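Report on the structure given below.
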Amino acid sequence: MTQGACFFILEGSAKHHMKALQERISKEGLILSDTVLKVDSFLNHQVDTQLALAIGREFGRLFGNEPVTKVLTIEASGIQFAMATGIALNVPFIYAKKKKAITLSEDVYTAPVHSFTRQETYQISVSSKYLRPEDKVLIIDDFLATGAALVGLVDIVKESGAQLAGVGCVIEKSFQEGRSLLEKKGVRVHSLARIASMSPGEIHFIEDDSVVHQA
Ligand code: 5GP
Numbered sequence: 090m091t092q093g094a095c096f097f098i099l100e101g102s103a104k105h106h107m108k109a110l111q112e113r114i115s116k117e118g119l120i121l122s123d124t125v126l127k128v129d130s131f132l133n134h135q136v137d138t139q140l141a142l143a144i145g146r147e148f149g150r151l152f153g154n155e156p157v158t159k160v161l162t163i164e165a166s167g168i169q170f171a172m173a174t175g176i177a178l179n180v181p182f183i184y185a186k187k188k189k190a191i192t193l194s195e196d197v198y199t200a201p202v203h204s205f206t207r208q209e210t211y212q213i214s215v216s217s218k219y220l221r222p223e224d225k226v227l228i229i230d231d232f233l234a235t236g237a238a239l240v241g242l243v244d245i246v247k248e249s250g251a252q253l254a255g256v257g258c259v260i261e262k263s264f265q266e267g268r269s270l271l272e273k274k275g276v277r278v279h280s281l282a283r284i285a286s287m288s289p290g291e292i293h294f295i296e297d298d299s300v301v302h303q304a
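First residue of the sequence shown? That's 90 in our numbering, and the numbers climb one at a time after it.
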């Protein structure tokens with residue numbers, strides 16, 4: 090099933106990594122509307138574990154020049170990629186919780202996030218125990234759309250006093266404002282597949298990942 094795609098992601102050049110993921114998205118992605126892409130068969134409901142590990146290795150390669158100490162994501166669909174990246178970089182990963190448990194006694198960093206897919210605003214929180222000023226944090230998520238979730242995570246990293254290595258996304262919908270929002274904040278962004286436009290039956294990708302900005 091996925092062996093070909095994984096082979097390229099594991100063994101190929103960065104261009105091949107992008108290509109194999111793009112092919113998978115084109116083949117299995119369902120376009121629910123002009124803005125929503127469903128990739129439930131291999132990325133964020135059923136998960137192709139080898140592909141997830143390969144994605145982690147790719148993020149590890151892209152950010153390997155930074156002394157990353159923690160990977161940070163948001164529950165639930167970023168978890169498998171953050172874990173894979175944590176494995177690749179040999180560091181722990183943390184996932185921000187969407188609901189602050191009333192039993193949570195320790196201090197937490199929080200940020201409001203408006204969900205574009207669910208049309209609601211919720212608070213995300215991370216225990217201050219696990220993000221320290223001496224940390225260098227790499228944020229990972231499955232999608233970059235409006236950027237709200239990732240901006241929330243960036244704000245939490247800032248609040249903690251830790252340094253931010255950058256943001257890695259599996260799929261970026263480049264026609265939405267997320268990337269420019271992050272870049273305006275001086276954040277380095279790497280996305281493995283960048284969608285320029287999509288409509289039922291058709292997805293166009295940005296072929297070149299040279300649009301990588303650093304503060
Ligand atoms: P943002 O905050 O950038 O608008 O969206 C971030 C979150 O919304 C992602 O973590 C992802 O879970 C979800 N999301 C945004 N766009 C899509 C999409 O087109 N398809 C799916 N499956 N999830 C999306």
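Here a beta-carbon is modelled for each residue, glycine too, at the ideal position from N, C-alpha and C. Fair warning: this is a prediction, and the values are worked out from it, not measured in the lab.
Sequence-distant partners of residue 149 (beyond 5 residues in either direction) whose C-beta falls short of 7 Å from its own C-beta, in its chain, are 174, 177, 178. Look at the beta carbons and you see the region 257-265 touching the region 276-289: at least three pairs across the two are nearer than 8 Å.
8 Å or more divides the Cβ of residue 276 from the Cβ of residue 226. With 16 or more other CB atoms across the displayed protein chains lying within 10 angstroms of its CB, residue 261 is buried. The straight-line gap separating the alpha-carbon atoms of residue 158 and residue 123 is approximately 38 Å.
Judged by their CB atoms, residue 110 and residue 231 are not nearer to each other than the 8 Å cut-off.
For residue 168, the secondary structure class from DSSP, reduced to helix, strand or coil, is helix. Inter-residue distance for residue 268 and residue 234 is about 8 Å (C-alpha atoms, whole angstroms).
For residue 161 against residue 246, the beta-carbon gap comes to about 7 Å, under 8 Å, which counts as contact. The chain-ordered list of residues whose CB is nearer than 5 Å to some heavy atom of the ligand 5GP reads 125, 126, 166, 205, 206, 230, 232, 234, 235, 236, 237, 238, 267.
Taking C-beta separations shorter than 7 Å and ignoring five residues to either side along the sequence, the partners of residue 181 in its chain run 159, 175, following chain order.
For residue 195, the three-state secondary structure derived from DSSP is coil.
Where residue 212 is concerned, the enclosing beta strand (DSSP E) starts and stops at 209-216.
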